[in-house]
Amino acid sequence: MIRDERIPSDELRRIDEEIRSNWPTGEGVDFEDAIEYHESLPDHKRFADVLESADKPLLQPRAGVPRLDDQIELLQYLLEEGKADLLPTTIDSYTRDNEYEKAQQGLDKARETGDDTLNGFPAVNHGVDGCRKLIDAVDAPIEVRHGTPDARLLAAITFAGGFQSFEGGPISYNIPYTKRHGLEETIEKWQFVDRLAGAYTERGVRINREPFGPLTGTLVPPSIAIAVMLVEGKLAATQGVRSITLGYGQVGNVVQDVAALNALKELGNEYLPDEVVVTTVFHEWMGGFPPDEARANGVISLGGMTAAIAQPDKVITKSPQEFQGVPTMEANSAGLRTTRQVIDMAIEQDIRIDGIDEEQDLIERETRCLMDTIFEHGDGDVVQGTLKAFDSGALDVPFAPSDSAKGAVLPARDDDGRVRIFEWADLDMDDDIKEIHKARLSQRATTEGREQSFRMVADDVDAISDGKLIGRPQSQGDV
Amino acid sequence: MIRDERIPSDELRRIDEEIRSNWPTGEGVDFEDAIEYHESLPDHKRFADVLESADKPLLQPRAGVPRLDDQIELLQYLLEEGKADLLPTTIDSYTRDNEYEKAQQGLDKARETGDDTLNGFPAVNHGVDGCRKLIDAVDAPIEVRHGTPDARLLAAITFAGGFQSFEGGPISYNIPYTKRHGLEETIEKWQFVDRLAGAYTERGVRINREPFGPLTGTLVPPSIAIAVMLVEGKLAATQGVRSITLGYGQVGNVVQDVAALNALKELGNEYLPDEVVVTTVFHEWMGGFPPDEARANGVISLGGMTAAIAQPDKVITKSPQEFQGVPTMEANSAGLRTTRQVIDMAIEQDIRIDGIDEEQDLIERETRCLMDTIFEHGDGDVVQGTLKAFDSGALDVPFAPSDSAKGAVLPARDDDGRVRIFEWADLDMDDDIKEIHKARLSQRATTEGREQSFRMVADDVDAISDGKLIGRPQSQGDV
Amino acid sequence: MVFNTMSHTVVLGVIGSDAHVVGITILEQAFSAAGFDVINLGVQTSQEEFAEAAVDHDAEAVLVSSLYGHAEQDCQGFHEVLEEAGVDAVSYIGGNLAVGQDEFEQTRRTFRELGFDRVFDSETDPEDAIEALREDLQIKPTESERATISS
Amino acid sequence: MVFNTMSHTVVLGVIGSDAHVVGITILEQAFSAAGFDVINLGVQTSQEEFAEAAVDHDAEAVLVSSLYGHAEQDCQGFHEVLEEAGVDAVSYIGGNLAVGQDEFEQTRRTFRELGFDRVFDSETDPEDAIEALREDLQIKPTESERATISS
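Protein chains in written order, with the UniProt record's numbering: chain A, 1 to 479; chain B, 1 to 479; chain C, 1 to 151; chain D, 1 to 151.
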């Protein structure tokens, strides 16, 4: 029975060897050589150090293309023209599905024709040397971003390749991304990833790990996201990770977003072991964007404003072309610069908004309910607790495609635009908290002159792309 | 001696006839015919009614091109693509200087070659019929915006032409716009404009008047701007104007901007007669813009956020191409839509920021000092008081090109980015208020480890275009 | 909110390897609220799974969602699979059905030719799909239901 | 902040019908702080007004600002006007000196040919102009001033 326990060294080695035999480039991984390579990197490429020592939010975009030279060019552009502080390398979908053969075909085709047939950088196929060329060529820390349920080989190669930050986790890269990967399976596989990061950490190379906070990206109630972050943070810490960046995706209500980021930081420090350095990352709105760059810039700016007030350690920016999918590098840079301008104009201002403490308190109480139910379900073991709590529905994520979560919880905005829970299903929450949500949603229903119903949920899902925060009934709309 | 007294009817008629003989199109003005035309307009083209009955901030861009059909096309575009609520017609520089002959040459050339040799719409040359064609063709209320010290003929023609809103005032269209027009002269000329608007008002056609709030557009301390607004509002009210929109230009500090808009509304209602309907307009940042559309969008969005919190009746939007001068109509629309998205996402949120009441209180106290000194200088007469207070420097506007103001007052931002007064010169302000400013600026000096000096002023003037709110010394800048 | 006397079953799912779940969650809620029995197969559903579920639950309608732009290839041969399994149901498809900038009318034609009875774009309101299904299944709303619709 | 023993007078103004006042306000403050006697003529200053003020105040430098893009036409014949009035002073011009996207080096050449001793773009720091003027007038900073510069 899988538990929250550190993988023994010999077991780590056994899995590592097995994993590396899955694809030829796995042979290029040599741990001692990798430690030496990391030690050779200058201070300003050490991801954890740069992030943890920053005195204001660092900005990071999303970006990945198949060919090495294109990826270098793209990242250099985002650094120079976008003034990014931290850079990403987003991995392609085939690699996320461990389809290295298909990724290879796509990469070969991209090299031959120049067309990008892959939607990201196939780091496994590029191998350790390819990764190091990227790290060498780009003058900033780079994180691996993906969405891979079984990221063991990807981790082995990118860690050896010089990357010092790795996004994802067993819940956050399972529940929102895939239907059929069992949670037990992904937890086991991510224990290896974290254990490998821990092995580097033991040798002084602190690999930063970043659970994916936005989850399904659509109106996720803050306490659910934070509970998942705390679980993944604890699992990583158990395996020896010492630099953990907990994530949270903007819901668009400034008070709730600032409160949630405060709660994330607070609870992260409380629930994770003292030896872990906890940082936070704020994702600009992950839901549907307006099909209009001008209005998209408004959405991005509201994210920048929120970041200026909450001051997370990192902000993942969006581009004005979000609606149409992968942005041009110009649009990607524009998203960075718009965010930067808003943050830099607002961050020195003393903006203290009423009601943040109360909202933070509510979020913390809710999160504690969820953490308590996890511990209870697992008799103190977080892994078993998580598995059983998701199984019973006591822990749930709205709009989860995965069979591992019930996905029966439904959120809706209240009259102030804060995300509340409309359908609780089996989520294990104290009754007095449920009453608070009910009262807030009832207030909205009164304002709108309609019953609380799934229509509110549907209207809220589309609201921001339609230009509003709250999905009010049409009859109440503009003239 | 000119005083704050209503121009008698016969005097109004005499000036009106004299003025209308200045240029051939003046003959086309017939008051009774004009009243009839205004009465024929549908409700949704009645500027004052639309503005005063709105339940959230209405958006208005800036726009003016020389030819009538181009101006119609431009305004229709801004209405349809930009979703503007209210529209402008910006007048060209020759007309502002009463050089109708030169404006005619420019208009003729524009008609012949298609090139825009004028920087706006020469409404006097288009005459009453041209104006009415514009009003008829565009399905929203339209305001005349200009910058004309002697706007008497422009007012006579545009009022008869169907415009129901007219920007400007004797101080706000003198001090920031021209060097040599005496204040006494512009007050006299604007008394006629207001009296003419009052004559329409008496007949049920409420012409909305809008003093130009941003003044010199560069770090104007709120109380100075508000005092000028109150003076111009009072002068207009004396002449019979009953719909007055007081203006304020964003300084970029959210607390100070919200406080200033609150104070403007509060004091406007207090100082102006009860029979006047007072509304407010918020101008997005009027200072230097970043030479980068992405960063400009950040500046615009901060304006939208401020408007969502303060909820003025109207917002004058900027475009991302502000840096390069006159924007394309696409960029102009983009500025509208970015602002709209931010306002619509934020306006339903309950965002109450600490310290707004205190700042508002300070602004109101400062404004009262200035109003008191005006009344004292004029022995109760606002016109004489304004003339003498500007003359003595007891009332002053920073960076004023006009010889009518000393322009000796200098502003600088405090450590929180609020605009304070660094050099008081002869401004008549209570000592305890001066002490507050001094203390706040001293706090900034300490933070920056430098003396209070004009360097702060210079650094602040460039700060927003350089990407920050406060002009910190370079050594404290980013890496 | 019940109407008529007998219940009608619809099978709902996202076809292919598409993992967009929000749309069908909303659809599930909407069809349930409108009185249908909804079998939600979730995301990443194969043609065979649709057919199997339609047979098992004796469904009167198969509602296919696709948002990632590969609907056309995912639906090749789908109606043959349904037919072989003996499914006799109305079939709808909706979502972002083409990657490019094709006119929607052309997209509709393509999917009608593939065998779908109705084709919806991603802007379609759930109520419109419900309305269409009632028409196709000749379900008459009850008085109370009619009141709700007109409100 | 005093340096040397004698004072030096500069005449400052915005030429033509340009009404941009912020730049010269800052310049006035900067030159005053650096110990110069500044005669600020303000905006919309004619060539003749510059010449007259330079003669009246026995100015050693005439500093012309222009930000609205018409500097070249506003400055045609300016140095002839100065000469006729008997002005013997260093002349600088700075600001947005050309409307288009000309290379600044070309703009500099144009204004050098018109007779200006130095030409600055709008990004120039006031300190640089002061530094240049000290060099041209052969003014040596005092010890205390030198300390300030290096700080």
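Using N, Cα and C, we set each Cβ at its ideal position, and we do this for glycine too.
Beta-carbon proximity check, residue i vs residue j, cutoff 8 Å
i                     : j                : result
Ile72 (chain B)       : Glu184 (chain B) : no
Gly115 (chain C)      : His79 (chain C)  : yes
Gly449 (chain A)      : Asp426 (chain A) : no
Thr158 (chain B)      : Pro170 (chain B) : no
residue 512 (chain A) : Gly233 (chain A) : As displayed, chain A neither begins before 1 nor continues past 479, which places residue 512 (chain A) out of reach and without an answer.
Ile353 (chain B)      : Ile142 (chain A) : no
Ile39 (chain D)       : Ala61 (chain D)  : no
Thr306 (chain B)      : Val258 (chain B) : yes
residue 484 (chain A) : Tyr100 (chain A) : Summary: the structure shown does not reach residue 484 (chain A), with chain A confined to residues 1 through 479, and so no result is reported for it.
Thr201 (chain B)      : Gly240 (chain B) : yes
Phe399 (chain B)      : Ala412 (chain B) : no
Leu79 (chain B)       : Asp150 (chain B) : no
Chain B within 8 Å of residue i, Cβ atoms only
i                : result
Val64 (chain D)  : no
Val22 (chain D)  : yes
Ile130 (chain D) : no
Val255 (chain A) : yes
Ala294 (chain A) : yes
Gln29 (chain D)  : yes
Thr25 (chain D)  : yes
Classification of residue i by the beta-carbon crowding that lies within 10 angstroms, buried from 16 upward
i                : result
Ser9 (chain A)   : exposed
Gly298 (chain A) : buried
His38 (chain B)  : buried
Ile149 (chain C) : Any reading at Ile149 (chain C) is ruled out, since the residue's pLDDT is 42, under 50, leaving its predicted position unreliable.
Val479 (chain A) : Note that Val479 (chain A) has pLDDT 35, beneath the 50 cutoff, so the model's placement of it is unreliable and the number below is only indicative. With fewer than 16 other Cβ atoms within 10 Å, it is exposed.
Arg20 (chain A)  : buried
Lys140 (chain C) : exposed
Gly325 (chain B) : exposed
Ser122 (chain C) : exposed
Asp74 (chain C)  : buried
Reference residue i, options the options, closest by Cα
i                     : options                             : result
Lys179 (chain B)      : B:Gln76, B:Thr148, B:Lys56          : B:Thr148
residue 562 (chain B) : B:Gly287, B:Trp23, B:Gly268         : In the structure displayed, chain B extends from 1 to 479; residue 562 (chain B) sits before or after that span and is not available.
Arg340 (chain B)      : B:Asn262, B:Met429, B:Leu302        : B:Leu302
Val220 (chain B)      : B:Glu451, B:Gly417, B:Arg444        : B:Gly417
Pro214 (chain A)      : A:Glu167, A:Glu202, A:Phe192        : A:Glu167
His44 (chain A)       : A:Asp85, A:Asp33, A:Asp4            : A:Asp85
Asp56 (chain C)       : C:Val64, C:Arg109, C:Gln29, C:Leu41 : C:Leu41
Ser465 (chain B)      : B:Ile175, B:Ala160, B:Glu293        : B:Glu293
Gly35 (chain D)       : D:Thr9, D:Gly13, D:His20            : D:Thr9
Residue i beta carbon near the ligand COA (any heavy atom closer than 7 Å)
i                : result
Gly233 (chain B) : As for the ligand COA, it is missing from this structure, which has no ligand bound.
Minimum Cβ-Cβ distance from residue i to chain G less than 8 Å
i                : result
Lys468 (chain B) : Looking for chain G here will not work: the only protein chains present are A, B, C and D.
Beta carbon proximity, residue i to chain D, threshold 8 Å
i                : result
Val461 (chain B) : yes
8 Å Cβ cutoff, residue i in contact with chain A
i                : result
Ile353 (chain B) : yes
Val43 (chain C)  : yes
Gly298 (chain B) : yes
Gly477 (chain B) : Bear in mind that a pLDDT of 41 at Gly477 (chain B), under 50, signals an unreliable position, so the model cannot answer this.
Ala34 (chain C)  : no
Chain C contact for residue i (CB, 8 Å cutoff)
i                : result
Lys179 (chain A) : yes
Gly471 (chain A) : no
Thr218 (chain A) : yes
Ala103 (chain A) : no
Gly168 (chain A) : no
Could you tell me which uninterrupted beta strand (DSSP E) segments, each at least 3 residues in length, are contained entirely in the UniProt domain "B12-binding" (7 to 140) of chain D, listed from first to last along the chain? 9 to 14, 37 to 40, 61 to 66, 90 to 95, 118 to 121
Please list the segments of the alpha helix (DSSP H) lying wholly inside the region 22 to 84 of chain B, counting only runs of 4 or more residues, in order along the chain. 31 to 40, 47 to 53, 68 to 80
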